[in-house]
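In what follows, a structure is listed as structure tokens, so that the remarks can point back to it.
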Amino acid sequence: MTIRVLRKEDLAAYGAICRYAFAMSESYTDVYTKWVQRQLKYTRGAFDGNRLVAGMWYYPYQMRVGTELIGTGGVAAVATRPEARNGGLVRQMMLSSHRQMRDEGYPLAALMPFKNSFYAAMGYADAFMHREYHFTPAHLAPVTGAKGMSVLPVDGAANWEVLEALRQRCGAARTGTVRRDAAYWDVRYFKSWQGIRNVYLIQATGSRKRLSTPMGFLVTTLSTEEGFGKVRLRVSDAGWLNNDALAAILRFLRSHRDQVKTVQWFTPADVDLFPWFSDPGIECNLRVKMMLKLVDLAGALEKRTFPAGLNDSLHLQIDGDSTSPWNTGDWRVDWEAGQARVKKVKANSRKIASASCDIQTLAVLYSGLRTASTLREEGRLSVSDKAMTTLEQAFPSACPHMEEWF
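Residue numbers (our numbering): 688 to 1093.
This is how it looks when you write it as structure tokens:
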């Protein structure tokens, strides 16, 4: 079996594997493989002789962690022919891809798993939660807010920079906010293989002498896949800078009550929409959406910022990491003036404060989803009292959220 980068002539076979694995339409498969073609250096394929039996790729992102944007590989379309499964091919492709990410300065990786335990065995951790709301528009109470706000349909491709600027402002305090370019917006948010895609700006109406100010955005997909008369509206993406902009979005959704059977909306885990409903009998599930991996432990720590007052040292022991084996072992982390310096060591000879865990636990801590004290209570982190103080300061609690679907 050979693991290598895909070539242009391999894309038809890769598209066929993706169609089988993800039930892609033929038209969307064509669009998708053309997008992958622009990123061939980030692909991997497993070949049995000349026959492609598995493939994957990753999209190089910049993802917000704290105040910094850090290089991240968005792992996508990992698929294997059914007759070639359970042979360790994905693990081999992952190892090769992780090595490339590390070498090219992308110390983090993220993916949306088909099965969490499958990727947990490769060092990925459940780090990004979301709330999944299902409701009918009639469940929403009449909206009395949204003062001075209007919802304006726009050409997404012509306004992608405005949309991206809004996204970055809305997600400025969230670990997991990804920077998108025009091509990504176009393929993933302005086109759809499941229905009709619509793009809107939420505008604060100005006076005669002042232009309207964008205060939010909304991207929806309308689909009749559930049958005639059962239109589903999915909120593909949304953001708002204040409560009036959110109210305008909800008022707009309520206006579909004579057309739409079901609304599906994935929000950050800390977004509570219940006060906006007249009937609380709706479905809301808290789910793990994306998984995070520290592909390069040292790079992940050195490229983010920490509290300026943190001046301390820590000995960190990481258990086996099969798809990033360079992470396994003993590390010394020194923090000074908001920056970390990380180096591998043989042992904790100086007896500084110490902690030990697996790479998944470190990813959860890194994201802010759980604090060091919580992870110790769960039995996932072994840590001295002095190291606990350091870790609590370095990695405060947060509500990480990633909007992407890859």
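In this text, a Cβ means the ideal position worked out from N, Cα and C, and glycines have one as well.
Endpoints, the beta strand (DSSP E) within which residue i is located
i	result
Gln890	Ile883 to Ala891
Arg818	Ala812 to Phe822
Met977	Glu970 to Leu981
Gly760	Glu755 to Thr767
Gly986	No beta strand (DSSP E) contains Gly986, which is instead part of the alpha helix (DSSP H) from Leu984 to Glu989.
Tyr746	Arg738 to Val752
Ile936	First-last for Ile936: Asn930 to Arg941, but that is the alpha helix (DSSP H), not the beta strand (DSSP E).
Asn999	It is worth fixing the name first, because residue 999 is Asp in this sequence and not Asn. Per DSSP, Asp999 belongs to the beta strand (DSSP E) from Asp999 to Ile1005.
Phe734	Thr730 to Asp735
Asp1017	Gly1016 to Glu1023
Ala797	Leu795 to Leu798
Trp872	Element bounds for Trp872: not the beta strand (DSSP E) but the alpha helix (DSSP H), Ala869 to Tyr876.
Thr908	Thr900 to Ser910
Own chain, CB closer than 7 Å to residue i, minus 5 neighbours either side, in chain order
i	result
Ala700	Leu739
Asp697	Gly732 and Leu739
Lys1033	Asp1017
Asp924	Tyr876, Val906 and Glu1090
Leu988	Val1020, Ala1027 and Val1029
Ser899	Gln890, Ala891, Thr892 and Gly893
Residue from the options whose Cα sits closest to the Cα of residue i
i	options	result
Gly835	Ser804, Gln890, Thr1076 and Val849	Gln890
Leu997	Ser1071, Tyr793, Gln1080 and Arg691	Gln1080
Asp957	Arg884, Gly792 and Ala860	Ala860
Ala812	Leu1068, Ile936 and Thr1048	Thr1048
Ser1110	Leu698, Val718 and Met809	No answer is possible for residue 1110: it lies beyond the span of the chain, which begins at 688 and ends at 1093.
Asn803	Gly702, Met977 and Asp1072	Met977
Tyr1045	Phe805, Phe939 and Leu1068	This sequence places Asp at residue 1045; Tyr is not what is there. Residue Leu1068 is the option with its Cα nearest to Asp1045.
Leu928	Trp872, Arg772, Ala833 and Glu848	Ala833
Tyr1097	Ile757, Leu973 and Gly903	Residue 1097 is absent from the model: the chain starts at 688 and stops at 1093.
Val841	Ala703, Phe904, Met743 and Val752	Phe904
Gly702	Asp735, Ala763 and Val922	Ala763
Trp872	Glu755, Glu1064, Ile704 and Tyr748	Tyr748
Tyr746	Asn737, Leu798 and Arg772	Leu798
Val718	Arg856, Arg751, Val874 and Leu782	Val874
Pro967	His821, Ser1084, Thr908 and Gly792	His821
Arg938	Asn737, Val838 and Ser783	Val838
Thr1058	Gly774, Met688 and Ala814	Ala814
Residue i vs residue j beta-carbon contact at 8 Å
i	j	result
Leu827	Trp963	yes
Gly1055	Pro1087	yes
Val906	Arg941	no
Glu1091	Val865	yes
Thr730	Leu693	yes
Ala934	Val1070	no
Ala1050	Lys980	yes
Ala796	Gly760	yes
Arg974	Gln951	no
Arg867	Glu851	yes
Arg1085	Thr862	The sequence as given places Ala at residue 1085; Arg does not occur at that position. Yes. Within cutoff.
Asn846	Leu782	no
Residue i, enclosing alpha helix (DSSP H) - first and last residue
i	result
Thr1077	Asp1072 to Ala1081
Cys1086	Counting along the chain, Cys1086 falls outside any alpha helix (DSSP H), and DSSP gives it neither H nor E.
Phe709	Leu698 to Phe709
Glu713	Glu713 to Gln724
Thr1048	Ile1046 to Ser1054
Ser1009	Careful: Ser1009 lies outside any alpha helix (DSSP H) and carries neither H nor E.
Ala837	In the sequence under discussion, the amino acid at residue 837 is Ser, which differs from the Ala named in the question. Run containing Ser837: none in the alpha helix (DSSP H); it sits in the beta strand (DSSP E), Met836 to Pro840.
Gln951	Where Gln951 is concerned, there is no enclosing alpha helix (DSSP H), although the beta strand (DSSP E) it sits in stretches over Val947 to Pro955.
Phe1119	Because the chain in this structure spans residues 688 to 1093, residue 1119 falls outside the shown range and cannot be described.
Met781	Leu776 to Asp790
Val958	Element bounds for Val958: n/a, residue is neither H nor E.
Thr1058	Taken as a continuous stretch (DSSP letters only), Thr1058 belongs to no alpha helix (DSSP H), as it is neither H nor E.
Residues near residue i by beta carbon distance below 6 Å, same chain, minus five either side
i	result
Gln1004	Asp1017 and Ser1043
Phe953	His817 and Glu819
Leu1001	Val1020, Ala1040, Ala1074 and Thr1077
Asp983	Arg789 and Pro794
Gly1025	Thr992, Phe993 and Ala995
Arg854	Gly926
Arg944	Pro824 and Ala825
Gly858	Thr864
Pro800	Tyr806 and Met978
Asn1014	Leu984, Ile1005, Asp1008 and Ile1046
Gln779	Ile690
Asn972	Glu819
Val886	Val841, Gly843 and Val906
Nonlocal neighbours in the same chain, by C-beta distance under 8 Å from residue i, ignoring five residues either side
i	result
Gly870	Reading off the sequence shown, one finds Ala at residue 870, where the question assumed Gly. Here the set comprises Trp722 and Arg725.
Glu911	Note on residue identity: the sequence assigns Thr, not Glu, to residue 911. Gly882, Lys917, Val918 and Arg919.
Gly792	Gly758 and Gly986
Lys695	Gln724 and Leu727
| field | the segment 713-727 contacting the segment 961-981, beta-carbon criterion three pairs below 8 Å | value | Because the criterion of three Cβ pairs below 8 Å is not met, the segment 713-727 and the segment 961-981 do not touch.
| Segment contact, 8 Å Cβ cut-off, at least three pairs: the segment 707-714 with the segment 752-768 | At 8 Å Cβ cutoff, the stretches touch.
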